[in-house]
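The opening residue of the sequence shown carries number 0 in numbering that gives the first Met the number 0; numbering runs sequentially from there. For reference, the structure is listed below as structure tokens.
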Amino acid sequence: MKGFQLIATGAGIPSRVVTNDDLSRIVDTSDEWITTRTGIKQRRFCAEGEDGGSLSIAAARQALENSGLDPAQIGCVICATIAGRYLSPSNACLIQMELGLPQDIPVLDLNAACSGFVYATAAARGLLEGCGSDSRPYALIVGCEQLSVLMDMTDRSTCVLFGDAAGAAIFRLCDTPFAVDLGARGDMAITVPKGGPIQMDGSAVFRFAVDALPRSLHAVLEKTNQTLDDLDWVVCHQANSRIIDHCVKKLKADPAKFYKNMDRYGNTSAASVPVALHELAEQGRLQPGMHVACVGFGGGLTWGGMAFTVGETLNAHRAEQR
Ligand code: UT7
Numbered sequence: 000m001k002g003f004q005l006i007a008t009g010a011g012i013p014s015r016v017v018t019n020d021d022l023s024r025i026v027d028t029s030d031e032w033i034t035t036r037t038g039i040k041q042r043r044f045c046a047e048g049e050d051g052g053s054l055s056i057a058a059a060r061q062a063l064e065n066s067g068l069d070p071a072q073i074g075c076v077i078c079a080t081i082a083g084r085y086l087s088p089s090n091a092c093l094i095q096m097e098l099g100l101p102q103d104i105p106v107l108d109l110n111a112a113c114s115g116f117v118y119a120t121a122a123a124r125g126l127l128e129g130c131g132s133d134s135r136p137y138a139l140i141v142g143c144e145q146l147s148v149l150m151d152m153t154d155r156s157t158c159v160l161f162g163d164a165a166g167a168a169i170f171r172l173c174d175t176p177f178a179v180d181l182g183a184r185g186d187m188a189i190t191v192p193k194g195g196p197i198q199m200d201g202s203a204v205f206r207f208a209v210d211a212l213p214r215s216l217h218a219v220l221e222k223t224n225q226t227l228d229d230l231d232w233v234v235c236h237q238a239n240s241r242i243i244d245h246c247v248k249k250l251k252a253d254p255a256k257f258y259k260n261m262d263r264y265g266n267t268s269a270a271s272v273p274v275a276l277h278e279l280a281e282q283g284r285l286q287p288g289m290h291v292a293c294v295g296f297g298g299g300l301t302w303g304g305m306a307f308t309v310g311e312t313l314n315a316h317r318a319e320q321r
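Dropping the structure here:
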């Protein structure tokens, strides 16, 4: 099996900022409760003219520009989402249309909720190996959610948690180490009926997450013959700061390696991992040659871990423009 390397990132962030204080004017909550229980200070909601489709197109466009690739070199597109613009065409097909991507490639949306980006990356590698060509060893992978339209804004137990965003990445087939660990345990702890609203047994999901996250991380490290010390970054799904803290403690890990940005975006489900990767890259803290693990967990209940290397040409075109 070939490896898979990260070579570009992008993000589509909605313009409307909603703070904890804003929400405390709608439901019986407080900045103090939300901050201490979750680490979230604010989230973004789509404003007029923005939706899951436009965010995912913006994120994909930025990743493609940052890569410097010609659109004709993209060998497959997967958008992980539970909240695309339409049921059909898929968000991935909207991206294909807008970016002028090739027609003879697989283009699809994938639903694995908050584990979606990791699932999509694993699936994209499989598709490239199965139907790609030597001239198109690149996959465009997007995680995108517009959860604000799926929330009951009178339910304080959920409406303070989620936000809208899209993140994108381009991965390339190569020979560097890559491993995935995917799984699911059919369970109704998080349910999103068609049209919403999101319902969640928060404590049950919390217990699941603090078990699944370290297990999945261990599983991918075992497959790549690495230890936590070999990793430069661990990018987990940004559901709750306390979930990450629990795992750091359980793993006796260095907390500085576990990136957090839920304070600014809340829980953006499939978008959280690629948005975090893009931020790290933009801040110059994700460098070529670095070893990274990502872990998603959530609705399904699903989990997904992956370990990969950052390519020498990470966002090379963007770097040239600076
Ligand atoms: O992305 C998918 C994965 N999702 C997750 O990973 C979420 C995992 N779960 C969690 O992050 C946490 O369970 C929550 C943040 C959802 C909840 O935190 P918690 O510490 O488990 O709180 P709780 O549900 O046990 O509620 C504690 C109290 C309750 O009041 P009583 O019954 O003790 O009087 C709630 O009614 O906090 C109350 N509460 C709130 N109070 C103020 C619940 N939501 C709020 C709120 N503001 N927004």
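All residues carry an ideal CB built from backbone N, CA and C; glycine is no exception.
The beta carbons of Val309 and Leu5 sit closer together than 7 Å. Taking the Cβ atoms as the reference, Cys113 lies roughly 6 Å from Gly298, within the contact range of under 8 Å. Under the three-state reduction of DSSP output, Ile33 falls in the helix class. For Tyr258, no alpha helix (DSSP H) segment is defined, and its DSSP state is neither H nor E. With a contact defined as Cβ atoms closer than 8 Å, Met305 and Ala121 qualify at about 7 Å.
Contact between Gly115 and Ser268 is confirmed by a C-beta separation of about 7 Å, below the 8 Å threshold. In the DSSP assignment, His277 falls outside any beta strand (DSSP E) and lies within the alpha helix (DSSP H) extending over 271-281.
Between Ile56 and Leu93, the alpha-carbon positions lie close to 7 Å from each other. Taking non-hydrogen atoms of the ligand UT7 into account, the C-beta of Asn239 is found less than 6 Å away from one of them. Nearest to Thr190 by C-alpha distance, out of Asp180, Gly201, Leu181, is Gly201.
In this structure the segment 122-136 does not touch the segment 222-242; the number of beta carbon pairs closer than 8 Å is below three.
By the neighbour-count definition (other C-beta atoms within 10 Å, threshold 16), Ile169 is a buried residue. Remark: C-beta atoms of Asn266 and Leu149 do not approach each other more closely than 7 Å.
With a cutoff of 7 Å on beta-carbon distance, His290 and Asp228 are scored as not near each other. When the five nearest sequence neighbours on each side are left out, the beta carbons in the same chain lying within less than 6 Å of the beta carbon of Thr223 are those of Pro176, Ala178, Ala306, in order along the chain. By the Cβ neighbour-count rule, Ala255 is exposed, with fewer than 16 other Cβ atoms within 10 Å of its own. Rounded to whole angstroms, the Cβ separation of Ala188 and Ala211 is 12 Å, and the two are not in contact under 8 Å. Per the DSSP secondary-structure output, Leu216 pairs with nothing in a beta bridge.
Note on geometry: alpha-carbon atoms of Leu107 and Trp32 lie some 39 Å from one another.
Going by DSSP, Ile243 is part of the alpha helix (DSSP H) stretching over 240-250. DSSP places Arg42 in the uninterrupted beta strand (DSSP E) bounded by 41-44. Ala10 is positioned such that its CB atom lies no closer than 7 Å to that of Gly194. For the 7 Å CB-CB criterion, Ala58 and Val141 form a contact. With respect to Cys75, Ala123 sits close: the two C-beta atoms are nearer than 7 Å.
The continuous alpha helix (DSSP H) containing Gln61 extends over residues 51-66. A distance below 7 Å between beta-carbons, with the five flanking residues on each side excluded, links Ser23 to the following residues of its chain, in chain order: Ser29, Asp30. Within its own chain, the residues whose Cβ lies closer than 7 Å to the Cβ of His245, once the five positions on either side in sequence are excluded, are Val209, listed in chain order. Excluding the 5 residues flanking it on each side, Phe207 has same chain C-beta neighbours closer than 6 Å at Leu300, in chain order. DSSP places Gly125 in the uninterrupted alpha helix (DSSP H) bounded by 115-130. Judged by DSSP in its simplified three-state form, His316 adopts helix. Here the distance from the Cβ of Trp32 to the nearest heavy atom of the ligand UT7 is below 6 Å.
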